[in-house]
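Right, one structure below, let's go through it.
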Amino acid sequence: TKTSFLILDVDHFNPVNDQYGHLTVDQVLREVAGLIKENIREIDIAGRYGGEEFCVVLPDTDGKGGLYVAERIRCAVEEAVIHAYDAKVRITVSIGISVFDEDGKNMEELIDKADWALYRAKKQGRNRVCAFGIYSNNDE
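Take the sequence shown: its letter number 118 is residue 141 in this note's numbering, and every next letter is one higher.
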């Protein structure tokens, strides 16, 4: 059975934090968590991975399904106007995807591959989804 693993990172997080402050950013992160939850199934598992990163485990989901869910989350975040205290904040996320057992045989490998795909998404301009299997390890 395939399982997709997503790592999401809020784009340009430090400038948002500097502009709006910690209280507003905490609310933004709560809203992002809510948007993720609204766009996954009950059997899926989502959590904060640290800082401005989140991870999502999609059981019984192949790479194509993982891309679909990731793109749905990305669009939901991009379209949202987050009301936090006196601010209206617009943000985007970049998402990296890996798939068990195509890209890794254990959690450490899946995290590494999804993180690599996330790096590609950031490098290609942010606000996008990249899957590990679409690129070779030599792709720059």
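Just so you know, even glycine gets a beta-carbon here, dropped at the ideal spot from N, CA and C. These numbers come from a predicted model, not from an experiment.
Tell me which residues share the same chain as residue i and place their Cβ nearer than 7 Å to its Cβ, disregarding the 5 neighbours each side in the sequence.
i	result
residue 149	34, 115, 117
residue 66	82
residue 156	86, 122, 125, 126
Could you work out which residue in the options is closest to residue i when comparing CA atoms only?
i	options	result
residue 151	129, 40, 127, 31	31
residue 144	74, 90, 52	90
residue 72	93, 84, 134	134
residue 43	25, 82, 112	112
residue 38	25, 24, 75	75
residue 109	146, 50, 142	50
residue 27	52, 121, 141, 142	121
residue 24	57, 94, 88, 153	88
residue 29	147, 140, 146	140
Just confirm the distance between the C-beta atoms of residue i and residue j, as a whole number of angstroms; I'd bet it's less than 8 Å.
i	j	result
residue 137	residue 119	4 Å
residue 80	residue 68	4 Å
residue 100	residue 55	6 Å
residue 77	residue 86	Not really, about 19 Å apart at Cβ, beyond 8 Å.
By Cβ distance below 8 Å, which residues in the same chain neighbour residue i in space, the five residues on each side in sequence not counted?
i	result
residue 40	48
residue 142	119
residue 53	none
Buried or exposed: which applies to residue i, given that a residue is buried once 16 or more other Cβ atoms fall within 10 Å of its Cβ?
i	result
residue 46	exposed
residue 104	exposed
residue 131	exposed
residue 84	buried
residue 102	exposed
To which residues of the same chain is residue i closer than 6 Å at the C-beta, ignoring the five residues directly before and after it?
i	result
residue 146	none
residue 94	152
For the ligand FMN, is there a heavy atom less than 6 Å away from the beta-carbon of residue i?
i	result
residue 51	Summarising the ligand content, the structure contains no ligands, and the ligand FMN is consequently not present.
So, does the region 123-136 touch the region 52-63, judging by three or more C-beta pairs under 8 Å?
As far as the Cβ criterion goes, the region 123-136 does not touch the region 52-63, which means the pair count is below three.
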